[in-house]
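Residues 1335 to 1770 in the numbering used here are what the sequence shown spells out, letter by letter. What follows is a short report on a single structure.
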Amino acid sequence: MRLAIVLALVATAARAEVPAPVTDADFVSVPEAESRLGQLLFYDPILSGNRNISCATCHHPRFATSDGLSLGLGEGGTGLGPDRRADPSNLPEQRIPRNAPALFNLGAREFTVLFHDGRIEADPTRPSGFRTPLEEEMVAGFASVLSAQTMFPVLSADEMAGHYQENDVSTAVREGLITGPGGAWDILSKRVAAIPAYGEMFAAAYPEIAAGREIAFTDISNAIAGFIAVEWRSDGSAFDEMLRGGAPLPDDAAEGMALFYGDAGCSGCHAGPFQTDHGFHAMGEPQLGPGKAERFERHSRDTGRMRVTNRSEDAYAFRTPSLRNVTATGPWGHAGAWSDLAAFLAHHAGPAKGLGDYDRRQAVLPALDGTKPDWAVLDAPGEVAAIEAAATPGRPISSDEFAAILAFLDTLGDPAAIRGRLGVPETVPSGLPVER
């Protein structure tokens, strides 16, 4: 009887929105010399102001390309993943305001909007080809939206740049010197170019540099983006195998897939081959940590997409994340409020019901004193009411349906992609420590 039900559900889903399998044509092509250069730059702390943080600090394969924390600690932190702690001798000014997103399939051509609020977006009408917070200061030369994205962490005091006047990069950023000679990007580019091994690798990867052009920050970003595109391409899951005509999914996962693409309505937002519509939706997520506020602002709210568009209808809306390897990428939510995927899914199914049942023990937050309180928003009834009012209505889902959907989500896992193809290098050309 159960088999008949499963087959009926799968037939329903097949008529709905189950995507076609992805192919090589869906991804950008990256030369090996570029991806191997990008691998070293990704793991090299030389791109941080104080030479103590790399891209991998918050996006490490040990934690499925995230960091295992609700909100990370960048500058002023020591250790890796959930073991990362505040350095008593150089305390962070605040937590990183949003959860570190996973990096899977960002080399797929359909990813043209990045960050939780979409503040980086491909825009062919602009001279640089992108819409970014830098507006007209944005320079040309970034090969993709993924490459353009890499410029922001190195400019953030909380992530990689460091605190004001700690180093030349953080000082340049605070003075508004980003592009051009003496700007933060120029400082970082010269650091990298001064290392002979990097100079040789850039010349091998980019003919213009071999012909004499200086290494630019766009070259660094392009290499890192090329590495991410290759390293964490994820299309080898059981779900992918099934789409390509291979082994069918187990009965419970097949039932979950049918619900996902059918009556449960998950694919209304989590559409397409990577389970994202790349759109923005208000899902009533708990807000914790400092929020997205300027240093002079006292509030801790994060209104998401509205910070980019200034439209009230975008309040508390965040970009739909891809669900590839989702069972490994927790904590979940734009602020990492959920460390239990089943609990997150239950809230997601009925976000408009409110935040009264949220268990703060779900958050994974290393101790950090002397900064904004982590629960300022959830302790303010007016702030909570605003989040709840913007939330999308849900659909009741039974416990059996939850179990089936979770079984389906598990089939989106690709262990080989999580490990990566090139892996963590033993050393990097700067000679600085590699976080392993």
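Think of the CB as a built atom: it goes at the ideal place given N, C-alpha and C, for glycine as much as any other residue.
Three-way DSSP call (helix, strand, coil) for residue i in this model
i	result
A1338	Note that A1338 scores 45 on pLDDT, short of 50, meaning its location in the model is unreliable; the coordinates nonetheless yield the value given after this. A1338 falls in the helix class under three-state DSSP.
S1400	strand
V1488	helix
T1446	coil
T1346	At T1346, the pLDDT of 49 sits below 50, so the modelled position is not reliable; the number obtained from the coordinates is stated separately. Correct three-state label for T1346: helix.
R1419	strand
T1663	coil
H1394	strand
R1465	strand
F1630	coil
T1412	strand
G1475	coil
F1361	strand
P1685	helix
T1643	helix
E1760	coil
R1547	coil
R1695	helix
A1739	The question names Ala, but residue 1739 in the sequence shown is Ile. In this structure, I1739 counts as helix in the three-state DSSP scheme.
A1495	helix
I1430	coil
F1438	coil
C1603	coil
D1744	helix
Rounded Cβ spacing between residue i and residue j (contact assumed at less than 8 Å)
i	j	result
R1567	N1659	About 12 Å; that fails the 8 Å criterion.
V1507	H1612	That belief does not hold up - the Cβ atoms of V1507 and H1612 are roughly 29 Å apart, past 8 Å.
A1686	E1722	7 Å
A1671	S1404	6 Å
P1607	P1353	4 Å
I1731	A1683	5 Å
P1355	L1577	4 Å
G1757	F1614	In fact, because the Cβ distance is near 34 Å, the residues do not count as touching under 8 Å.
N- and C-terminal bounds of the beta strand (DSSP E) containing residue i
i	result
I1454	I1454 to A1456
Status (buried if at least 16 other CB within 10 Å, exposed otherwise) for residue i
i	result
R1418	buried
A1737	exposed
T1654	buried
N1644	exposed
P1530	exposed
S1478	buried
T1761	exposed
T1635	The amino acid occupying residue 1635 in the given sequence is Arg; Thr does not appear at that position. Counting Cβ neighbours within 10 Å, R1635 comes out buried, since at least 16 surround it.
A1474	exposed
A1420	buried
Q1373	buried
F1630	exposed
Q1499	exposed
S1764	buried
P1727	exposed
A1751	buried
G1638	buried
G1410	buried
D1800	The requested residue 1800 does not occur in the structure, where the chain is confined to residues 1335 to 1770.
E1493	buried
S1523	buried
R1465	buried
A1697	buried
A1662	buried
P1665	buried
D1648	buried
Bridge partner(s) assigned by DSSP for residue i
i	result
F1652	H1615
F1608	BP columns for F1608 are empty, so no partner.
W1672	W1666
G1638	A1651
Residue i: first and last residue of the uninterrupted alpha helix (DSSP H) it sits in
i	result
M1535	P1530 to A1539
S1732	Looking at the DSSP string, S1732 is not in any alpha helix (DSSP H), and its letter there is neither H nor E.
W1519	A1518 to A1527
Q1483	V1479 to Q1483
F1376	E1366 to Y1377
F1573	A1572 to L1577
N1556	F1551 to E1565
V1718	P1715 to A1724
E1589	D1585 to F1594
P1749	P1749 to R1753
A1506	D1502 to R1508
Distance cut-off 7 Å: residue i Cβ against heavy atoms of the ligand GDP
i	result
A1354	The ligand GDP is not among the ligands present in this structure, which contains no ligands whatsoever.
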